[in-house]
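S.K.: The opening position of the sequence shown corresponds to residue 1 in my numbering, with each subsequent residue numbered one higher.
Note that CB positions come from ideal geometry on N, CA and C, so glycine has one too.
Bear in mind that the values here come from a model prediction, so they are computed numbers and not experimental data.
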Amino acid sequence: MDRVDLHRRQAHSDVAPLVLLHGGGADARAWTPVLERFDGRWRVHAVNLPGHGGEPGFDYDAGVITATARRVADRLLDLGLVYPHVVGHSMGGAVALELAGLTPVAGVTALCPIGFWTRPRAWTTAAVLRNAARLSAFVGPATRSRLLADPVMRRLALAAFSAKPSLIRPQVAVAAASALASSDIVTMTKFTRRYRFRGQVPCPVQFAWAAKDRLVPPADAVRARRLLPRALHAFVPGSGHLVMDDDPDLTASIVGNHALRLLCADAVDP
């Protein structure tokens, strides 16, 4: 089935479907708090990136973000999605921005995206993710569940990722730790830490930055504005990097408001 046929199948949609791309070391379940707040207006597809959530990885190299975006583009075609609104968090935000240069999309919402950071910050973030993934894998599922059931241990484990770790339920923390342990993030960060966004995005872009993000600081918005001066910016006060958990209401609102600003999928010529 080619893109013209897929476009005709979407002809009755009133808004672009949403494609949700999680961050490095996570999986599609990371979007659950936000999905619970959507009103059902959109067709939503939360997909697992390569090397995450049981999806096979590939031979990672310095082009890992663009290569991941190409695989997501193929996945969109398989799902029958044309001109979606692509929403990405962290590494998924960078993938979403690169994806827009590879295949037509209605718009991009990038939540705390990597790629606009300084080199020291990039390397620090990579080290935090690697260490967290190795520790999660080392302790094993049973020990992981027991430790994260304790509120103090949960706060310690999530302190680098969340500004409100006490609000994250034990089962959510265990699922996130399990996703991290089973992902390819240890290998991928050898290359993602070198990634810098340098392209152009031929569609409307909405950024969102978390005020208390310790992995992707809101100061990165300065570089993002310089590279993409027409993009919109929003800030999530009181939130850490995991904006979907720290403030799912505002995150869902930012995504939804940008979606409503975009052209309908059937209003764009294929």
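Out of L76, H52 and G23, which one is the CA nearest neighbour of H45?
M.R.: Your numbering for residue 45 matches position 45 in the sequence shown. The candidate whose alpha carbon is nearest that of H45 is L76.
S.K.: Assign L111 to one of three DSSP states: helix, strand, or coil.
M.R.: To locate residue 111, count along the sequence shown from 1; it is residue 111. Strand.
S.K.: Grouping DSSP H, G and I as helix and E and B as strand, with all else coil, what is H241?
M.R.: In the sequence shown, counting from the first residue as 1, residue 241 sits at position 241. Looking at H241 - three-state DSSP - the assignment turns out to be coil, as it is neither helix nor strand.
S.K.: Note the first and the last residue of the continuous beta strand (DSSP E) segment covering H89.
M.R.: Along the sequence shown, one-based indexing puts residue 89 at 89. Run containing H89: H85 to H89, per the beta strand (DSSP E) assignment.
S.K.: Let's see if you can read the secondary structure: which residues bound the alpha helix (DSSP H) around V34?
M.R.: Here residue 34 corresponds to residue number 34 of the sequence shown, with the count starting at 1. First-last of the alpha helix (DSSP H) with V34: T32 to L35.
S.K.: What are the boundary residues of the alpha helix (DSSP H) that includes F191?
M.R.: The sequence position of residue 191 within the sequence shown is 191, counting from 1. Its alpha helix (DSSP H) spans residues I185 to T192.
S.K.: Curious, which full-length alpha helix (DSSP H) runs of at least 4 residues does the region 194–226 contain?
M.R.: Segments of the alpha helix (DSSP H) lying fully in the region 194–226: there are none.
S.K.: Could you tell me the alpha carbon to alpha carbon distance between N48 and A96, rounded to whole angstroms?
M.R.: Along the sequence shown, read from residue 1 onward, the residue named residue 48 stands at position 48. Along the sequence shown, read from residue 1 onward, the residue named residue 96 stands at position 96. Those two C-alpha atoms are separated by around 13 Å.
S.K.: Please classify A11 as buried or exposed, where buried requires at least 16 neighbouring CB atoms within 10 angstroms.
M.R.: Looking up residue 11 in the sequence shown gives position 11. Residue placement at A11 is flagged as unreliable, the pLDDT there being 36, under the threshold of 50; a coordinate-derived value is accordingly withheld.
S.K.: In whole angstroms, give me the CA-to-CA distance for P237 and T109.
M.R.: For the purposes of this step, residue 237 is taken as residue 237 along the sequence shown, with counting starting at 1. For the purposes of this step, residue 109 is taken as residue 109 along the sequence shown, with counting starting at 1. The alpha-carbon atoms of P237 and T109 are separated by roughly 18 Å.
S.K.: Could you tell me the boundaries of the beta strand (DSSP E) in which A231 lies?
M.R.: Residue numbering aside, residue 231 sits at position 231 when the sequence shown is read from its first letter. Looking at the DSSP string, A231 is not in any beta strand (DSSP E), and its letter there is neither H nor E.
S.K.: Cβ of L18 within 9 Å of Cβ of V255?
M.R.: Residue numbering aside, residue 18 sits at position 18 when the sequence shown is read from its first letter. Residue numbering aside, residue 255 sits at position 255 when the sequence shown is read from its first letter. Closer than 9 Å, so yes.
S.K.: Comparing C-alpha positions only, which one of M188, D184 and L242 sits nearest to H52?
M.R.: The count along the sequence shown starts at 1 and reaches residue 52 at position 52. Cα-wise, what sits closest to H52 is D184.
S.K.: When the Cα atoms are used, what is the spatial distance from R226 to A126?
M.R.: On the sequence shown, position 226 is the one that residue 226 refers to. On the sequence shown, position 126 is the one that residue 126 refers to. Each residue's Cα considered, the two are about 24 Å apart.
S.K.: First and last residue of the beta strand (DSSP E) that includes V19?
M.R.: Residue mapping note: residue 19 aligns to position 19 of the sequence shown, counting from 1. Counting along the chain, the beta strand (DSSP E) containing V19 begins and ends at L18 to L21.
S.K.: Got a sec? Which residues, its chain only, sit under 8 Å from V201 by beta carbon, not counting five neighbours each side?
M.R.: By 1-based counting over the sequence shown, the position of residue 201 is 201. Around V201: L97, A100, G101, V108, L228 and A231.
S.K.: Give, in chain order, every unbroken run of the alpha helix (DSSP H) that is at least 4 residues long and sits entirely within the region 128–169.
M.R.: For the region 128–169, whole alpha helix (DSSP H) runs of length 4 or above, ordered along the chain, are 151–158.
S.K.: If contacts are defined as beta-carbon pairs under 8 Å, then H85 and A28 qualify, I think. What distance do you get, rounded to the angstrom?
M.R.: One-based indexing of the sequence shown puts residue 85 at position 85. One-based indexing of the sequence shown puts residue 28 at position 28. No, H85 and A28 are not in contact; Cβ-Cβ is about 17 Å, not under 8 Å.
S.K.: What did DSSP end up calling V236 once you bin it into helix, strand or coil?
M.R.: Within the sequence shown, the letter at position 236 stands for residue 236. V236 falls in the strand class under three-state DSSP.
S.K.: So A252 is in the alpha helix (DSSP H); what residue range does that whole segment cover?
M.R.: The residue labelled residue 252 in the question sits at position 252 within the sequence shown. P248 to R261 is the extent of the alpha helix (DSSP H) around A252.
S.K.: Pop quiz: L158 and A173 are said to be a contact at Cβ under 8 Å. What is the actual Cβ separation, rounded to whole angstroms?
M.R.: The count along the sequence shown starts at 1 and reaches residue 158 at position 158. The count along the sequence shown starts at 1 and reaches residue 173 at position 173. With a Cβ gap of about 6 Å, L158 and A173 count as contacting.
S.K.: How big is the Cα-Cα spacing for T32 and G63?
M.R.: Here residue 32 is taken as the residue at index 32 of the sequence shown, counted from 1. Here residue 63 is taken as the residue at index 63 of the sequence shown, counted from 1. Distance between the alpha carbons of T32 and G63: 29 Å.
S.K.: Rounded to a whole number of angstroms, what is the C-alpha to C-alpha distance between P270 and D246?
M.R.: Along the sequence shown, one-based indexing puts residue 270 at 270. Along the sequence shown, one-based indexing puts residue 246 at 246. At P270, the pLDDT of 35 sits below 50, so the modelled position is not reliable and the matter cannot be decided from this model.
S.K.: Following the continuous beta strand (DSSP E) through V44, name the residue where it begins and the one where it ends.
M.R.: Taking the first residue of the sequence shown as position 1, residue 44 is located at position 44. Segment V44 to V47, the beta strand (DSSP E) holding V44.
S.K.: Any idea if G25 is buried or exposed, counting beta-carbon neighbours within 10 angstroms, 16 or more meaning buried?
M.R.: By one-based count along the sequence shown, residue 25 stands at place 25. It is buried - the Cβ of G25 has at least 16 other Cβ atoms within 10 Å.
S.K.: Does the separation of the CB atoms of F235 and A94 fall below 9 Å?
M.R.: Along the sequence shown, one-based indexing puts residue 235 at 235. Along the sequence shown, one-based indexing puts residue 94 at 94. Against a cut-off of 9 Å, the Cβ pair of A94 and F235 comes out as no contact.
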